[in-house]
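All residue numbers for the sequence shown refer to this note's numbering, where the first residue is 82 and numbers rise by one. Ideal placement from N, C-alpha and C gives every residue a C-beta, glycine not left out. Everything numeric in this text was worked out from a predicted model, so none of it was measured.
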Amino acid sequence: MQFHIDKSALSSVVSTVSRAISAKTNMQILEGLYMEAKGGELILRGTDTEISIESKSACMVDTEGSIVLNASLFGDIVRKLPAAMVHIESDGQKVKIVCEHSRFELMGQNAEEYPQLPELEEKESVVVTADDLLKAFKETQFATSNDDMRIALTGVLLDVTHEGITFVALDGYRMAMSRIAGEQQLERDLILPARSVTEIAKMVEGKGALSMEIGSNHLLIRLDETKFYTKLLNGEFFQYNSLIRREHDVTVRLEKKPFIDALERASLMTGKERNGLVKLEIFDDRIEILSNSEIGNVHEVVEAQKTGEDLTIAFNARYLLEGIRVVAEEEIEMGFTDAVNPCIITPNAADSYLYLVLPVRLASL
């Protein structure tokens, strides 16, 4: 194998593919990236068996061939090279890298040992815009579970119907739901691993319309010269619609930012052992936020408009804050049944986002 490529082009494609490579692996071959020079293109691949990325870049190929190089070391070398043409050639498992006055020799591995890209059988497609996808991920991913015993809840559910896509994440304490309206050609659900959601978000930022190809076990997104594959999570997701109460005994409308600011200040006094508990006392024209611990106490007041009876209820402040921060609109609505049932938070002027959070019993305060 022998080829020549501009350093900036090489650096870009190496950076893209390296996102799929995990430092935590017991298989040496998975610490590497697959490199192939063929037909005027450099083809790189990386995988951790859950995520696989292939990316291509134009180059001048003298001799076609392939090799696997340690991804971390090769990436460090490429980043440190001067901005000039890079010449790479292999002789057996030995690889030579030359750029101006820099010269490296590395030992590679047999490319035939590298895992193949997944094959999508009976694939179907979902079409979304990058902006809509990023918004839906932002509004849900934070609520995924870390409990590997409930593997389905460690990812984000995509519930696809002919009318649109509903994104759902929940961890047993709260649930975040975001909806993208728009006609789709299929009806099915799938669960994306949380890490895949993170990597997809990085890759699609600034893009336009996207087509997501869905197979029985994998999802594929094509972006220019890059293909992103992810395994789908197995398991049954929770029947999320059964959690949502549409009618509330107490409804509160208020501005998002003053409420967030007050909650953040109140969180300073919660004390580590109290898991960030704050008490809300809800009146006709205001919400009073209280917290006390061995280090002191705090009292905040935020203007609000309430319908229904006065209510006192407590929450984990972090859970409350995380669900409100992602709301794009300036005003929110909070719906309550009583002090022990979930609170539902939605934007005041939109129906594309819903957040459900369980309260903490007041006896804990």
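Shown here for R442: not one same chain residue has a beta carbon closer than 6 Å to its own, the five before and five after excluded. Ranked by Cα distance from V167, the options D228, S153, A90 are led by A90.
Of all alpha-carbon atoms in T247, E135, V383, the one lying nearest the alpha-carbon of Q222 is that of T247. Under the three-state reduction of DSSP, E131 is assigned to coil, being neither helix nor strand.
Within the same chain, Cβ atoms closer than 7 Å to the Cβ of A217 are found at F248, S259, I261, the five residues on either side in sequence being excluded. A check of alpha carbon separations from E403 across P274, D419, A118, I426 identifies I426 as the nearest.
R231 and N315 have their C-alpha atoms some 10 Å from each other. Secondary structure note for T247: its beta strand (DSSP E) is the uninterrupted segment 245-251. Going by DSSP, I232 is part of no beta strand (DSSP E) at all; its letter is neither H nor E. Per the Cβ contact rule, the stretch 357-371 is in contact with the stretch 386-404 (3 or more Cβ pairs under 8 Å).
Burial is judged here by how many other beta carbons sit within 10 angstroms of a residue's own beta carbon; H299 has at least 16 and is buried. Annotation for V149: I110, G113, L114, Y115, M116, G189, Q190, N191, A192, E194, Y195 place their beta carbon closer than 8 Å to its own, counting only its chain and skipping 5 residues before and after. Remark: C-beta atoms of E306 and S206 do not approach each other more closely than 7 Å. I405 places its beta carbon 7 Å or farther from that of V383.
Inclusion of I134 and F417 in the CB contact set at 7 Å is not warranted, their separation being larger than that value.
Per DSSP, the continuous alpha helix (DSSP H) segment holding A343 begins and ends at 337-348. Scanning its chain for C-beta atoms nearer than 7 Å, with the 5 sequence neighbours on each side dropped, one finds around L201 the residues E294, G296, H299, L301, in chain order. Straight across, the Cα-Cα distance linking A104 with S183 is about 27 Å.
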